[in-house]
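Notes follow the structure.
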Amino acid sequence: MAAGVDRDSFKVNPILFTSSYRRYALHALWLAPLVFLALFYFYPLGSILEISLSRTGGSQAAPFIQALTSERVRRVLGFTFFQASLSTALTLLVGLPGAYLLARYDFRGKSLLRALTGIAFVLPTLVVAAAFNAMLGPRGWVNVGLMELFDLSQPPIRFINTFGAILIAHVFYNTTIVLRMVGDYWSHIDPRMGQAAQVLGANWLHTLLRVILPLLMPIIITAALLVFIFNFTSFGVILVLGGPRFATLEVEIFYQTVSLFNLPLAATLSIFQLACTLILMVIYTQLSAKLTRPLSLQPRKYTQHKLTSWRGRLLAALLVIMLLGLLTAPLIALTARSFTRLDPEPGQRALLTSGLTLDFYKELTTNRHGSLFYVSPLTAIAVSTGYAAATVFLALALGLPSAWALARNSDSKFNRFIDPIIMLPLGTSAVTLGLGFIVAFNRPPLDLRASILLIPLAHTLVALPFVVRSLTPSLRSIRPRLRQAAQVMGASPIQVFRHIDLPMVGRALLVAATFAFTISLGEFGATALIARPEYPTIPIIIYRFISQPGALNYGQALALSTILMAATAAGMLAIERFRIADVGEF
Amino acid sequence: MIKNLILQKIPTGMLVFFTAFFIASCTSSTTGLTAEISKPSEPLTLTVMTHDSFAVSEDVVTAFETEYNAEIRFLKSGDTGTALNKAILSKGNPLADVFYGVDNTFLSRALDEDIFEPYDSPLLADIDDDFELDQLKRALPVDFGDVCLNYDKRYFVDQGIEPPQTLEKLLEPEYEGLLVVQNPATSSPGLAFMFTTIGHFGEDYYLDFWEGLLENDALIVNDWETAYYTEFSASAGRGPRPIVVSYNSSPAFEVIYAETALDESPTAAVVSDDTCFRQIEFVGILKGGQNRELAEKWVDFMLSPIFQEDMPLQMFVFPVNSHAQLDNAFLQHLTIPTKTAFVSPGKIASNREKWLQEWTETVLR
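Quick note, the sequences are listed as chains F and Z, same order.
Going by my numbering, 376 is the number at position 376 of the first sequence; the sequence numbering is gapless.
For any residue, its number in my numbering is found by taking its place in the second sequence, counting from 1, and adding 586.
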């Protein structure tokens, strides 16, 4: 048992907690989220799976037998698990020290650091590949530098199409999840628990293993789960950076659907992928019920201190350098390239620059060939942030009641059943679900096939699990006594929520909003299938540019990516500024 | 304790903002329509489903809309294969009236699934019979483009060697480590290049050629973007390899979209006999659509010179209508192969999976 955990708080006043009226009230919170999932997730998914499986010539079981006995599918499944586990472990390794820094220290530029490390999350894979290429590619500055330094004839580092590239890209994308979720939770944990352990004679390692880690476990496994599912369903990174020798289930589903039009097999693989997600989620639900302890969450002003000691500063500096180096160096390379004019004569060894230029940005604002689908960068930003704002609104409106219901009544059978289901959309193949939208919403009253509402709806499906997962651990860790005290004093459930829960999870709410915002800004796979050409998001336009030859097209793709990064950073900083009363200060 | 946690006020500002945005987003789609209703009778809407790469000039579409009092709505639905899958799955209650963009590598899938109604357009008279791969006139040819080897001109001048003019040349030692190609399982030009080798060497021998390519250190990547921008030396990404599989139009792109004005392209396409694969794109009227008459007019329009002449600068594909003129930029920088490697759509359909599997097992091992 961890030191300092308040065991009394498990003892709950039976009168307050078994009232059936209250239980029904808590279950009613599920109404909106469940209707949403039923309508926009289960209905389209069920439709496409049914249609796909009915296309088997013979027995319905045939594709399952084919998949189960196929050597190729076994290999793909094995690789999918292997790379996801390794990537998740590495992401935790990089993210946890960073989370410590953000949780325990108060220093200037912290918001900026948090925003910068989160930008990667929104970038389309093709652009990230270009960014890594500018650094680590055969003619990137690292290789060119090493070649000149040691007078080599061949670039010493091979990056594109290696397993290492997959791992690095996954860490690059997902570290922000660990930083934000764990960092936020950690910042509310009373540092006196660790101090008490040390006073009692524990060394720092013991304190870490016996006190800090057990207290953090609920949030660490939550972050690890989300990172794992992202890696498990990874598509773009595997395809672009991993190359033809690597395939995850998601890549295989894409190949079976698009290249071979083997819908029954694709549907079977989608079901495998879902089953894996579901199993993971059930394990997670069991684990987190065991690990969660009510804590006394402390406002950050009590848990954080300024960097005063020389050692502390050095440590912080090292961590900041590591995080920025890993997570923002590619972004800087990308930004720099978008302002760089290249020597018109190709064929040189290095990227010879001949000065700075704004040409790519200027070109973005001209519709040179009078194209019908031209969209100015300002419009693109407006469209993208509009969708993102709608996603934040929808995901919070649905996620907050879900998280609250989960946290307040974690022992209920109903909640234990629902909890894993909320996460399913994250583990669902985008290719499959995208087709599901087409076959499900094709007749009134739900003829949404060309509606612009489809995009925020699809983005909310991905954002909702994040919102629920960011909020639940904080809500669960609130001492029931606080709520009980309020109820004894006559507060209604809604008042309890507004005056106790909401302020205590204020930070987690901002984390959740940030995730919803960035998920929407960066989403590409589903958006490409359902976006109306008049209202494309920024990633869609970036893709349009980078899929055409010509230096100006490439430059415009990088310029627009830079604009996307700026918009993301601005949005994240703005969300951090939101204050729900004094909540943001907590 | 509770007192200092009490909320001061509800975040009404946030709520109002999001609600306003929501209402705005719900109504914005209708405001576009109301602006149009000054015309005598309400225009008929025609929906055209197509792939990501579709582009057209605004005034070309307006010309059609004015002439037929119509409104054209475009639905872009992912890459060619994905868009076609969507059309197939919504068969019977189609998303659109017309589908444009299925190419000869996917044609059989569309025809087998029976999504198109036949239409014998009068404009077919102006189109070379070679392009008409569907004799029943369910899919009508609109444009073509050739997937060819592209090379970095400067590299070959500097090294004093000839660019490869045949596929066999690629196996020679002087071209070792120079080529980058795409995976046919994930990339459309990659698939076309695999068909080039099948068309040229025959299905019994093409894998020997690929083994030779591997021995000569050819690189295989999954997508065109990585091949062209990361690996190819004459692109803006300045990669290490001077030969890439791309399109015969790519050199013209490099001039038209150059960073600083260029007189000649830094790249060139190899267009000698049997080294390219021709992709032909088709349009068809979807079964079960509501506006057959207008759909016919739109198909005619796509085959007529005004649309055909607009395509090259918008989509970098070329007209099939023999009366369409090419823009000067293209006449200067474009070379069109006279004899391309050929594999029929029927053969592609029945062997696609087998070939891809064979290829994957031989080349990616």
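Think of the CB as a built atom: it goes at the ideal place given N, C-alpha and C, for glycine as much as any other residue.
No experiment lies behind these values; they were computed from the predicted model shown.
Practice problem: Just grab the DSSP bridge partners of LEU872/Z for me. | Solution: Paired residues: PHE702/Z.
Quiz item: Would the stretch 834-843 of chain Z and the stretch 723-734 of chain Z be scored as touching if the rule is three or more Cβ pairs under 8 angstroms?
Solution: Verdict: yes, contact present.
Quiz item: Quick one, which residues of the stretch 43-63 of chain F are near chain Z if we go by CB-CB under 7 angstroms, in chain order?
Solution: ILE51: these are the residues of the stretch 43-63 of chain F whose beta carbon lies less than 7 angstroms from some beta carbon of chain Z, given in chain order.
Quiz item: Less than 8 angstroms separating the beta-carbons of ASN161/F and GLY242/F?
Solution: Cβ distance < 8 angstroms, so ASN161/F and GLY242/F count as in contact.
Self-check item: CA-to-CA distance, ALA725/Z to GLN876/Z, given in whole angstroms
Solution: The straight-line gap from Cα to Cα measures roughly 18 angstroms.
Self-check item: Residue environment, LEU204/F, which counts as buried when at least 16 other CB atoms sit within 10 Å
Solution: The sequence shown places Trp at residue 204/F, rather than the Leu named in the question. Exposed is the call here.
Quiz item: At a Cβ threshold of 8 angstroms, is ASN808/Z touching chain F?
Solution: The beta carbon of ASN808/Z falls within 8 angstroms of a beta carbon belonging to chain F, placing the residue at that interface.
Quiz item: Of all the options ILE519/F, GLN304/F, TRP141/F, ILE212/F, which has the alpha carbon lying nearest to the alpha carbon of ALA336/F?
Solution: Checked all of ILE519/F, GLN304/F, TRP141/F, ILE212/F; the closest Cα to ALA336/F is TRP141/F.
Quiz item: Looking at the structure shown, is GLU576/F part of a helix, part of a strand, or coil, going by DSSP?
Solution: It is helical.
Exercise. Give the interface partners of ILE842/Z over in chain F, defined as CB-CB distance under 7 angstroms, in chain order.
Key: Near ILE842/Z (Cβ distances below 7 angstroms), the residues of chain F are GLY550.
Quiz prompt | ILE713/Z (DSSP reduced to helix, strand or coil) | solution = In this structure, ILE713/Z counts as strand in the three-state DSSP scheme.
Self-check item: Interface residues of chain Z facing THR257/F [CB-CB closer than 9 angstroms]
Solution: Within chain Z, the residues GLY667, THR668, ASN671 have their CB atoms less than 9 angstroms from the CB of THR257/F, given in chain order.
Quiz item: What residue range is occupied by the uninterrupted beta strand (DSSP E) comprising ASP689/Z?
Solution: Per DSSP, ASP689/Z belongs to the beta strand (DSSP E) from 684-689.
Quiz prompt | Extent of the continuous alpha helix (DSSP H) to which PHE660/Z belongs | solution = Taken as a continuous stretch (DSSP letters only), PHE660/Z belongs to no alpha helix (DSSP H), being part of the beta strand (DSSP E) at 656-662.
Quiz item: At a Cβ cut of 7 angstroms, what residues of the stretch 172-191 of chain F count as close to chain Z, listed as they run along the chain?
Solution: Answer set for the stretch 172-191 of chain F: empty.
Quiz item: Does LEU351/F have its Cβ less than 8 angstroms from a Cβ in chain Z?
Solution: Residue placement at LEU351/F is flagged as unreliable, the pLDDT there being 48, under the threshold of 50; the coordinate-derived value follows with that caveat. Taking Cβ atoms only, chain Z reaches closer than 8 angstroms to LEU351/F, which makes this a yes.
Quiz prompt | Unbroken beta strand (DSSP E) run spanning TYR761/Z, endpoints | solution = According to the DSSP assignment, TYR761/Z belongs to no beta strand (DSSP E), since it is labelled neither H nor E.
Self-check item: Of the residues PHE82/F, GLY98/F, ALA115/F, THR80/F, the one placed nearest ARG577/F, counting alpha carbons only
Solution: That would be ALA115/F, whose Cα lies nearest to the Cα of ARG577/F.
Practice problem: Identify every run of the beta strand (DSSP E) within the stretch 294-377 of chain F, keeping only runs that are complete inside it and at least 3 residues long; order them along the chain. | Solution: Counting only runs of 3 or more residues that sit fully inside the stretch 294-377 of chain F, the beta strand (DSSP E) segments are 340-342, 353-356, in chain order.
Quiz item: Tell me which same chain residues have a C-beta within less than 6 angstroms of the C-beta of VAL688/Z, skipping the five on either side of it?
Solution: So the list reads LEU670, ALA696, PHE868, once near-sequence residues are dropped.
Practice problem: Could you list the residues in the stretch 230-243 of chain F with a C-beta less than 7 angstroms from some C-beta on chain Z, going in chain order? | Solution: Residues of the stretch 230-243 of chain F with a C-beta less than 7 angstroms from any C-beta of chain Z: LEU239, VAL240, GLY243, listed in chain order.
Practice problem: Measure from the alpha carbon of VAL258/F to the alpha carbon of each residue in ILE65/F, ALA89/F, ALA430/F, SER309/F, then state which is nearest. | Solution: When each option's Cα is compared against that of VAL258/F, the closest is ALA430/F.
Self-check item: Span separating the alpha-carbon of ILE747/Z from that of ASP849/Z
Solution: Whole-angstrom Cα-Cα distance: 23 angstroms.
Quiz item: Buried or exposed: which applies to THR598/Z, given that a residue is buried once 16 or more other Cβ atoms fall within 10 Å of its Cβ?
Solution: Reliability fails at THR598/Z, whose pLDDT of 41 lies under 50, so the model's placement of it is uncertain and the value that follows must be treated cautiously. Exposed.
Practice problem: Within its chain, find whatever has a CB closer than 7 angstroms to the CB of ARG469/F; leave out the 5 residues flanking it on each side and keep chain order. | Solution: Within its own chain, the residues whose Cβ lies closer than 7 angstroms to the Cβ of ARG469/F, once the five positions on either side in sequence are excluded, are THR222, LEU226, listed in chain order.
Quiz prompt | Any C-beta of chain F under 8 angstroms from that of LEU675/Z | solution = By this cut-off, LEU675/Z is an interface position.
Practice problem: Please find out if some non-hydrogen atom of the ligand FAD comes closer than 7 angstroms to the beta-carbon of PHE640/Z. | Solution: The model depicted lacks the ligand FAD and carries no ligand whatsoever.
Quiz item: Beta carbon of ILE90/F, beta carbon of ALA224/F: below 8 angstroms?
Solution: The question names Ile, yet the displayed sequence has Leu at residue 90/F. No. Outside cutoff.
Quiz item: With 8 angstroms set as the bound, which would you pick, yes or no: does the beta-carbon of TYR814/Z sit closer than that to a beta-carbon of chain F?
Solution: Chain F contact via Cβ: present.
Practice problem: Determine the DSSP secondary structure at MET635/Z, reduced to helix, strand or coil. | Solution: Shown here, MET635/Z sits in a strand according to DSSP, grouped into three states.
Practice problem: With a 10 Å radius around its C-beta and 16 neighbouring C-beta atoms as the bar for buried, classify PRO465/F as buried or exposed. | Solution: Buried, because 16 or more other Cβ atoms sit within 10 Å of the Cβ of PRO465/F.
Quiz item: Ordered along the chain, which non-local residues of its own chain (more than five positions away) have a Cβ less than 6 angstroms from that of ARG180/F?
Solution: Its chain contains VAL511 as the residues whose beta carbon lies nearer than 6 angstroms to that of ARG180/F, once the 5 sequence neighbours on both sides are disregarded; these appear in chain order.
Exercise. Verify the CB distance criterion: does PRO214/F have a CB-CB separation below 8 angstroms to chain Z?
Key: Not an interface residue.
Quiz item: So GLY137/F and GLU845/Z are in contact, right, with Cβ under 8 angstroms, and what is the actual spacing, rounded?
Solution: The pair is not a contact, with the Cβ atoms about 19 angstroms apart (cut-off 8 angstroms).
Practice problem: Give a yes or no on whether 8 angstroms exceeds the smallest Cβ distance from PHE441/F to chain Z. | Solution: False, the Cβ-Cβ gap to chain Z never drops below 8 angstroms.
Quiz item: Using a beta-carbon distance below 8 angstroms, is GLY490/F in contact with chain Z?
Solution: Look at GLY490/F: its C-beta is not under 8 angstroms from any C-beta on chain Z.
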